[in-house]
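Peer 1: Be aware that the sequence shown starts at 370, since it is given in my numbering, and climbs by one per residue. We treat Cβ as the ideally placed atom computed from N, Cα and C, and that holds for glycine. Since this is a predicted model, take the numbers as computed values, not measurements.
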Amino acid sequence: EWLDARELPADECLLRRVVTANGRSKAWINGHPATIADLKSLGEQLIQIHGQHAHQALMREETHLALLDDYAGLRERSQQLAETFREWRSARRRLKKLSEEGSEVEAKRQLLRYQVEELDQLGLAEGELQTLEEEQHTLAHAEETLRETQFAADCCESDEGGALSLLNQAYAHLSALPGSDKGTLANTLTMLSDARIQVEEAASELHRLASTTELDPERLAWVEERMGDVHRIARKHHVAPEEICALHAQLKQEVAQLEASDDDLEALSSQVAEYRERYRSEAKQLTEARQKAAVRLGKEVQQQLAFLAMGKARFDVDVTPRETPSPEGLDHVQFLISANPGQPARPLTKVASGGELSRISLAIQVVAASHSTIPSLVFDEVDVGISGATAEIVGQLLRKLGENGQVMTVTHLPQVAAQAHQHLHIEKHAKRDTTLTHMALLDERGRISELARMLGGITLSDQTLAHAREMLYASQRPPH
């Protein structure tokens, strides 16, 4: 599925990584370039490593829950719960921040509402200020306009010295001259006639202007008061009078945004409640699954401990409620051990000796490996602290695991090495300034020699070789 999801050939699985002398590396999966992260992700699905320090990890109680989840196949559900917890925690933090900002937001909202109401009451329309200024100018100069237009009209129409009267006199005198209808006089008379018409039209326009100009001090007072309100509000908000309409629209938008923040707060509260319920539901289901798996794990580990010369020990997996929710759920998982009959089971971290820890760790790893779906298992010196007959039993357990899948074991114990289906010998040696690692698949003779070396040191005696041969043959015989 992993390969199919990335559209890689799935008939076989070949992982390759090349590290150059300058420290850079490249990776390939089935011949296709891949990232180191992809190589790691796929590798974790193919190989599971059980290290020599696993027994030390048992001294940290936080590893007990992870071991239980791995055994029960709950890792994916546990990761999903952790993701739900992170989402819940993140939503809670956002809600807390928004709530703490609530008082400041409310104060700002009240101020904005007051400002918007003030501008609503002003009710200044777009372009109104320019109209007011023009009207104020007209009303303020109405008396002067009436006086001057009347004077101008009198200048045009007065019988004594008026422009129209003088033009009429000029026209009458010139038209009485002989040949006035010809030449220059004719043109002059035409211009005088046109001038009379224009003066008459000007006088008529002056009378119209005078008739439409009203003295309205009340209207003037209202216009000037209105303009005063506009300028007062503009000064209050530190804007130009012509910018008030834009300011009004901006403040209304800010109020709308703050009103929307109330909706955000309500929506976030609902989201927090939803995450909380989802977390509790997932955690409850995970708790039930862990409690059932804890019983099975305790029994299986106890069975393995019996093989490892701890037949009187009782091993329990205790699942108790946590005081507070956590990414791992609502459970506190603790391994309990009673090494001797009649003694109450106590936390493994407080009572187990070094040798007991090694055997308990191995028992747990064997049980976990027997339930693993990963095809290749690596046991890296998991037999540390074990010897004698117990080491032989460990070898038998590992051999049994190897009958159902690929098991690779790094060991220094001949009792374990003798149980293997195949034996690879690894050694390092220096060549000039370079250290080389050499690995060889041993045949039967080589296996006997290596087992003898593991048993008796560098010098191999006939007795040591005979012991090694018997150990190898005995381990390869099928059990009765």
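Alpha carbon to alpha carbon, how far is Ala-609 from Gln-479?
Peer 2: Near 24 Å, if we compare the C-alpha coordinates of Gln-479 and Ala-609.
Peer 1: Is it right to say Gly-667 is buried, meaning 16 or more other beta carbons lie within 10 angstroms of its own, or is it exposed?
Peer 2: Buried, because 16 or more other Cβ atoms sit within 10 Å of the Cβ of Gly-667.
Peer 1: Buried or exposed for Pro-783, going by 16 or more other Cβ atoms inside 10 Å?
Peer 2: Buried.
Peer 1: Give me, in chain order, the residues of the same chain whose beta-carbon lies closer than 7 Å to that of Leu-508; leave out the 5 immediate sequence neighbours on both sides.
Peer 2: Excluding positions up to five away in sequence, the list reads Asp-585, Arg-588, Leu-589, Val-592.
Peer 1: Assuming Pro-696 and Phe-454 make a contact with CB atoms under 8 Å, what is their CB distance in whole Å?
Peer 2: With 8 Å as the limit, Pro-696 and Phe-454 qualify as a contact, their Cβ atoms being about 5 Å apart.
Peer 1: Since Leu-805 and Leu-770 are thought to touch, with beta carbons under 8 Å apart, how far apart are those beta carbons, to the nearest angstrom?
Peer 2: The Cβ separation is near 31 Å, so there is no contact.
Peer 1: For Thr-389, which of helix, strand or coil comes out of DSSP?
Peer 2: Coil, per DSSP.
Peer 1: Would DSSP call Gln-765 helix, strand or coil?
Peer 2: Helix at Gln-765.
Peer 1: Specify, as a first and last residue, the run of the beta strand (DSSP E) that Met-777 falls within.
Peer 2: 775-779 is the extent of the beta strand (DSSP E) around Met-777.
Peer 1: Quick check on this structure: which residue in Gly-531, Leu-554, Pro-716 has the alpha carbon closest to the alpha carbon of His-542?
Peer 2: It is Leu-554 whose Cα lies nearest to the Cα of His-542.
Peer 1: According to DSSP, which residues form a beta bridge with Ser-873?
Peer 2: In the structure displayed, the chain extends from 370 to 849; residue 873 sits before or after that span and is not available.
Peer 1: Ignore the nearest five residues each way along the sequence and tell me which others in Asp-407's own chain have a CB closer than 8 Å to its CB.
Peer 2: Cβ within range, chain order: Arg-375, Ala-396, Ile-398.
Peer 1: Three or more C-beta pairs closer than 8 Å, one from the segment 650-666 and one from the segment 705-720: is that the case here?
Peer 2: Flag = no, the segment 650-666 and the segment 705-720 do not touch.
Peer 1: At what residues does the beta strand (DSSP E) containing Gln-703 begin and finish?
Peer 2: It spans 698-707 - the beta strand (DSSP E) in which Gln-703 sits, taken as one unbroken run.
Peer 1: Relative to the C-alpha of Phe-520, which residue among Phe-684, Ala-579, Met-777, Leu-434 is closest?
Peer 2: Comparing Cα-Cα distances from Phe-520 to each of Phe-684, Ala-579, Met-777, Leu-434, the minimum goes to Ala-579.
Peer 1: Below 8 Å, can you find three or more Cβ-Cβ pairs linking the segment 678-692 to the segment 385-395?
Peer 2: These segments do not touch.
Peer 1: Check whether the segment 482-502 and the segment 633-648 are in contact - that is, three or more C-beta pairs closer than 8 Å.
Peer 2: Contact between the segment 482-502 and the segment 633-648 is absent, because fewer than three Cβ pairs lie under 8 Å.
Peer 1: Assuming Ala-821 and Ala-837 form a contact by the criterion Cβ under 8 Å, report the distance between their Cβ atoms to the nearest whole angstrom.
Peer 2: Their Cβ separation, rounded to whole angstroms, is 4 Å, which keeps Ala-821 and Ala-837 in contact under 8 Å.
Peer 1: Pair every Cβ in the segment 757-764 with every Cβ in the segment 427-439, then say whether three or more of these pairs are closer than 8 Å.
Peer 2: As far as the Cβ criterion goes, the segment 757-764 does not touch the segment 427-439, which means the pair count is below three.
Peer 1: Is the segment 447-466 touching the segment 567-576, taking contact as three or more C-beta pairs under 8 Å?
Peer 2: Not touching, per the Cβ criterion.
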